[in-house]
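So the sequence shown is numbered by my numbering: it starts at 1 and just counts up by one.
No residue lacks a Cβ here, since even glycine has one placed at the ideal position from N, Cα and C.
For reference, the structure discussed in these notes is given below.
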Amino acid sequence: LEVVNAVKTLMQACRNAVDNKRSPVFRDSLACAASFDSKMAPVVAKWQRMRQSETPLTTNDSEGHHLRDRPKNSHVYNTRRYR
């Protein structure tokens, strides 16, 4: 998020430095900011989802073991029985 905020600040400073809103620099800074926002939105959204889904390792380790430690006779397989 620091990079996104830095780029937004840079684009805002570029627009504030130009008095003529019809100048190519002003228009290009608007286009660059819009393009950057549209390209970075999925990256920022994914990063925020990853940060929200983080859980401590102690809870992860204790919850997942019961799935791997089932008794072998609890599995039902379609196999032939030999007599």
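D28: member of the alpha helix (DSSP H) spanning 24-53, first to last residue.
Contact between V7 and F36 holds, with the beta-carbon distance rounding to 6 Å and staying under 8 Å. Counted as a single uninterrupted DSSP element, the stretch harbouring L1 is not any alpha helix (DSSP H), since DSSP gives it neither H nor E. Going by C-alpha positions, L30 is about 18 Å away from V3.
N5 has its alpha-carbon roughly 16 Å from the corresponding atom of N16.
Spatial neighbours of N20 in its own chain (CB-CB distance under 8 Å, excluding positions within 5 residues in sequence) are listed in chain order as F26.
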